[in-house]
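A.B. asks:
Residue numbers (this note's numbering), protein chains in the order written: chain A, 1 to 445; chain B, 446 to 866.
#1: Would you mind reading off the limits of the beta strand (DSSP E) that contains residue 781/B?
#2: Would you identify the three-state DSSP class for residue 292/A, choosing helix, strand or coil?
#3: Are the beta-carbon atoms of residue 762/B and residue 852/B separated by less than 9 Å?
#4: At what residues does the beta strand (DSSP E) containing residue 831/B begin and finish?
#5: So, are the CB atoms of residue 377/A and residue 402/A less than 9 Å apart?
#6: According to a CB-to-CB cut-off of less than 8 Å, which residues of the stretch 769-798 of chain B neighbour chain A?
#7: Which of helix, strand or coil does DSSP assign to residue 93/A?
#8: Determine which residues of the stretch 804-832 of chain B have a Cβ less than 7 Å from any Cβ of chain A, and write them out in chain order.
#9: Give me the Cα-Cα distance between residue 770/B and residue 354/A, rounded to the nearest whole angstrom.
#10: Consider the Cβ of residue 22/A: report whether some Cβ of chain B lies at a distance smaller than 9 Å.
#11: Going by DSSP, which residues form a beta bridge with residue 418/A?
#12: Residue 362/A and residue 391/A - do their beta-carbons sit closer together than 9 Å?
#13: I'd like to know if residue 800/B contacts chain A, where contact means its C-beta is closer than 9 Å to some C-beta of that chain.
#14: Between residue 108/A and the rest of its own chain, which residues show a CB-CB distance below 8 Å, the 5 nearest in sequence each way excluded?
#15: Starting from residue 456/B, find everything on chain A with Cβ-Cβ shorter than 8 Å and list it in chain order.
#16: For residue 74/A, which of 92/A, 374/A, 42/A, 95/A has the nearest alpha-carbon?
#17: Going by CA-CA distance only, name the one from 241/A, 380/A, 443/A that's closest to residue 398/A.
#18: Note down, in chain order, every chain B residue with its Cβ under 9 Å from the Cβ of residue 109/A.
#19: Counting pairs of Cβ atoms below 8 Å between the stretch 238-247 of chain A and the stretch 109-126 of chain A, do you hit three or more?
#20: Under a three-way DSSP split, which group does residue 858/B fall into?
#21: Using beta-carbon positions only, say whether residue 182/A and residue 433/A come within less than 9 Å of one another.
#22: Kindly list the residues whose CB is nearer than 7 Å to the CB of residue 136/A, restricted to its own chain and excluding five residues on each side of it in sequence; keep chain order.
#23: Going by C-alpha distance, which of 780/B, 464/B, 836/B is nearest residue 38/A?
#24: In or out: residue 119/A buried (at least 16 other Cβ within 10 Å) or exposed?
#25: How would you list, in chain order, the residues of chain B whose beta-carbon sits under 9 Å from the beta-carbon of residue 72/A?
#26: Which class does residue 73/A belong to by DSSP, given the choice of helix, strand or coil?
#27: Select from the stretch 53-86 of chain A all residues with a C-beta closer than 7 Å to any C-beta belonging to chain B, and list them in chain order.
#28: What is the DSSP secondary structure of residue 315/A, reduced to helix, strand or coil?
#29: Using only alpha-carbon positions, find the residue among 185/A, 346/A, 313/A that is nearest to residue 213/A.
#30: Report the residue from 767/B, 486/B, 488/B, 773/B whose alpha carbon sits nearest the alpha carbon of residue 40/A.
#31: My assumption, with CB atoms under 8 Å, is that residue 307/A sits in contact with residue 263/A. Please give the rounded CB distance.
#32: So, under 8 Å CB-CB, residue 312/A and residue 265/A are touching, yes? Tell me the CB distance rounded to an integer number of Å.
#33: Have a look at 343/A, 417/A, 221/A, 67/A and flag the residue whose alpha-carbon is nearest the alpha-carbon of residue 157/A.
#34: So the beta strand (DSSP E) residue 192/A belongs to, where does it begin and stop?
#35: So for residue 173/A, helix, strand or coil by DSSP?
#36: For the stretch 145-162 of chain A against the stretch 186-196 of chain A, are there 3 or more C-beta pairs whose distance is under 8 Å?
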């Protein structure tokens, strides 16, 4: 009986429910219009089969190059490589047609095919194509690069930059280098040398000896020179080093006065630096060729850490003129600085993004250090990291990634380099042979 | 009388009470299953749970992107922040003398030169049959039926379903072939032919050009046109003068299409008389002046109806649920790179649909964007296109009987809510 009643009532309830749920149809005029406001944030799956070796001696490079490309792309956090074991199609000829259905089946949205050949004289040539699998079309145009055999990693980075650019629409940063301070030895007796490496930590080369302490290296806009501060004379003085010849010279700042925190202008013709006279530190601009200097700030407080905007019209710097260390923006030509940081804690080491839309900084608050970004007017502050000690952010050439130094706590604490996406995702350590600090990202080569 | 009422009321009350308290809506109590239980000591339990947790802790340690995940670092300064646990550094700096740094750092070899990119590669290899051809063929089929069935059937809400689309293809061919015969009766057309019919025939004759640009840019605007069809049937009923519309035979050029559409219309409209005779008498005499008024009225009404059809799809619109299912199907494939410039761009994509629910890939195009430069808009469009194509599988879940409603879709991708702040 119970079941009988339930059977009778069920349809009634169902009808009532359906009637109640069904919303009135909307009148439609023209095409059906749908608005989508929610998507997913996840890496884009792609496949990069081993490049085809078109000559016998190119076989090892073909595999290595395709692996570096995959590491570059996957390392951004924006892409996810589909393991080669899952590939259905095999690419054995660079010119053979692509079986898109096979790549769709494994959900590869992008496919990178390529080939490597050697001329037998030590010259490698890598060519590649990028495919939009679901559209069944090629993204951009086939392209090829040539280099000497020992430059195969650059070949791979070049290809990865192109792939990244074609899929994201933004410039890449894989074929770039980072200058940093390499640190060895115990904390209280640490040897520091300038070194340069590929963006991913490969190919480390030292630029200075460990005879004197060096800090705060800064790449020039074209990557040919490096500004840094050396304690060679016992007090901090600014040097400029030619990366190609590894020859350095001290800049003609005032003798007996501490000068530090240099940074190039976007066109490389001037530099900003700080100079301390007595207890007052101000920011100066120097024309590199003529050596002429100009004082930009005059407040009786400590102003330092200046950085140019990409168009060279403004600078951002840190100052304690308000009683605590905060960020200020002012025109290069002079004018009243405008404070842009108003959060709790202290702000320092500001760096203007190459895109011009953000300023990265180090923030110290409640015993923790953070790397963060904010709009150039100080709005929309976002903290990307937090740790015992994070400091000294530097932007990737495309303004998408930040690299900074993180130091661990304790007597045995050491410093190493990390990178993080501007979205706060994909925080990861950059592998260096020794400790590392003070990174400065160079331009795309 | 009252007694019956009381009896009825009492019975109803009894049924309701029985339904409420008689466990009518409760499922039959499930059968109770018994299982043997053993009692273990606290120590044993702790040992068990410890063993079970060990893999989890290992996972937690692995989770942070720190390259050297070890079990120890978690206990150190690591706060409960989303940062990677500080990797274990060598406990004590090795006292061994620092390996002599090269006293004079050798000149840094400039990065191996790479020749400028060469884009002179041969043209991309041809794509295999599988994916490319179908999309190319499909769109043409889908587009042509679009303008044709709509204008003729529109006045009535009853949508001309799929059969029309297949018919349309044949119609096109016939129209082209027989266009000459139409010229014979040209005079009559001009004099009395309903405007609607004349224009339709012309568009069919111009298939190639018209097919590429679907009718969406409906020439006339909706409000006026939609009312007239309603009044028409009554007028026609009052004046049983069907024949004056001699022009129709003149439209003969596209005989097949007309006859078929006529069939569809006759059952719907209450004025079948005027139309059926026309088809049966292909070549009537010239129109009489006295009947012009009637012909005009009919022509206007028909024209209005046709315009209404072009303007808005016929048939019942999609329900909110149907729209939602489409939205959900696409959004789960829409990958947003929140840190990119493209995340600032709202882009609108237009697409034509096949009756099966698949997108005509060649019809995907950006019809609008805002919030970024051209490069960002293009990237946003590519992301949207990828989402649309990737998630369609065998076709989006759209009701086939409402194809007219979704044969053309404009989808706006607005990442505002996902944007970084």
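No residue lacks a Cβ here, since even glycine has one placed at the ideal position from N, Cα and C.
C.D. replies: Short version:
#1: Premise fails: residue 781/B is in no beta strand (DSSP E) and is neither H nor E.
#2: coil
#3: no
#4: Not the beta strand (DSSP E): residue 831/B falls in the alpha helix (DSSP H), residues 819-835.
#5: no
#6: 771, 772, 775, 776, 777, 778, 779, 780, 781, 782, 783, 784, 785, 786, 787, 795
#7: coil
#8: 806, 820, 821, 823, 824, 830, 831
#9: 42 Å
#10: With a pLDDT of 39 at residue 22/A, under the threshold of 50, the modelled position of that residue is not reliable, and no figure is offered here.
#11: 404/A, 429/A
#12: yes
#13: no
#14: 45, 46, 47, 82, 133
#15: Under the 8 Å cutoff, chain A gives no residues; its nearest Cβ is about 14 Å from residue 456/B.
#16: 42/A
#17: 443/A
#18: 780, 831, 835
#19: no
#20: strand
#21: yes
#22: 100
#23: 780/B
#24: exposed
#25: Those do not exist, as residue 72/A stays about 15 Å from chain B at its closest Cβ, beyond 9 Å.
#26: helix
#27: 78
#28: strand
#29: 185/A
#30: 773/B
#31: 6 Å
#32: 5 Å
#33: 67/A
#34: 191-198
#35: coil
#36: no
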